[in-house]
Amino acid sequence: MLIAVGAASGVEARPPGKIVRVERPRISRASPVFCPVVSDDTAVCVGPEPRKADTIIVLDETAPVAELRIEEITPATPGCTSLWNVRTTLLWGSLTRRGTGVSGMPIARAGHVIQASELPSSPGAGTIAVGIDADGDDQADLLVTRDECDSQPQGMCFSIYVRDRTRHRLTSALNLQPCMQ
Numbered sequence: 001m002l003i004a005v006g007a008a009s010g011v012e013a014r015p016p017g018k019i020v021r022v023e024r025p026r027i028s029r030a031s032p033v034f035c036p037v038v039s040d041d042t043a044v045c046v047g048p049e050p051r052k053a054d055t056i057i058v059l060d061e062t063a064p065v066a067e068l069r070i071e072e073i074t075p076a077t078p079g080c081t082s083l084w085n086v087r088t089t090l091l092w093g094s095l096t097r098r099g100t101g102v103s104g105m106p107i108a109r110a111g112h113v114i115q116a117s118e119l120p121s122s123p124g125a126g127t128i129a130v131g132i133d134a135d136g137d138d139q140a141d142l143l144v145t146r147d148e149c150d151s152q153p154q155g156m157c158f159s160i161y162v163r164d165r166t167r168h169r170l171t172s173a174l175n176l177q178p179c180m181q
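Printed below as a string of structure tokens:
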């Protein structure tokens, strides 16, 4: 009698096996900010203006070594919109060695800096300055390149690229020359 009720109510048996959740790295489509750390409480960020209370993950060639919270942001010079002096507070880790920082991009525990000499050619016309492996697969998820400035041959231009599955996508093209005056 119980079998007839189950069949009549439309209840189907579950298929055998178990459900497995596969975690895939999530790379932000926003423009990350590249932030070299210059002292225990100071970084210089290149890119879009970082936000107060955002964090900077500091990496070396093997792993993340620290996390900083952004406390104060000021333009490098008045009117500069792509180079920022940032005051920070250490949340965890150690800054005994200065590292390369990134804000606005998730970084896994296996994330690390990839030296320019270990990277393939630049996706643009510039020279690769640094690469960041954000998810631990030994592929550069973030590239910072030094570029020629079309309008100012002596200028300081940088491009920031983020890997989007199989290719690097330009997220920021920056001319820092106005920030150096």
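Numbering (our numbering), first residue to last: 1 to 181.
The C-beta atom is built at its ideal place from N, Cα and C for all residues, glycine as well.
Fair warning: this is a prediction, and the values are worked out from it, not measured in the lab.
Using the three-state DSSP reduction, which class does C179 fall into: helix, strand or coil? As a first step, residue 179 is located in the sequence shown; it is residue number 179 there, counting from the start. Of the three classes helix, strand and coil, the one that applies to C179 here is helix, per DSSP.
Tell me the DSSP bridge mates of P36? Within the sequence shown, numbered from 1, the residue matching residue 36 stands at position 36. Partner(s): T100.
Pair within 8 angstroms by beta-carbon distance, L59 and T88: If you number the sequence shown from 1, residue 59 lands on position 59. If you number the sequence shown from 1, residue 88 lands on position 88. It is not a contact, given that the beta carbons lie outside the stated cut-off.
Near R146, which residues of its chain fall below 7 angstroms by C-beta distance, leaving aside the five closest residues on each side in sequence? Here residue 146 refers to the residue found at position 146 when the sequence shown is read from its first residue. Result list for R146: G126, T127, A129, F158, in chain order.
Compute the Euclidean distance between the alpha carbons of R26 and C179, then round it to the nearest angstrom. On the sequence shown, residue 26 is found 26 positions in, with the first residue counted as 1. On the sequence shown, residue 179 is found 179 positions in, with the first residue counted as 1. Bear in mind that the predicted position of R26 carries a pLDDT of just 44, short of 50, making it unreliable; the figure below should be weighed with that in mind. Approximately 33 angstroms between the Cα atoms of the pair.
With a cut-off of 8 angstroms on the beta carbons, I'd call W92 and E67 a contact; round off their distance for me. Counted from its first residue, the sequence shown places residue 92 at position 92. Counted from its first residue, the sequence shown places residue 67 at position 67. W92 to E67, Cβ: 5 angstroms. Contact.
Using the beta-carbon count (16 or more within 10 Å), is D141 buried or exposed? Working through the sequence shown from its first residue, we reach residue 141 at position 141. It is buried - the Cβ of D141 has at least 16 other Cβ atoms within 10 Å.
How would you label D135, buried or exposed, when you count the other beta carbons within 10 angstroms and need 16 or more for buried? Residue mapping note: residue 135 aligns to position 135 of the sequence shown, counting from 1. It counts as buried.
Quick check on the burial criterion: 16 or more other C-beta atoms within 10 angstroms. Buried or exposed for V38? Here residue 38 refers to the residue found at position 38 of the sequence shown. V38 is exposed by the Cβ-count criterion.
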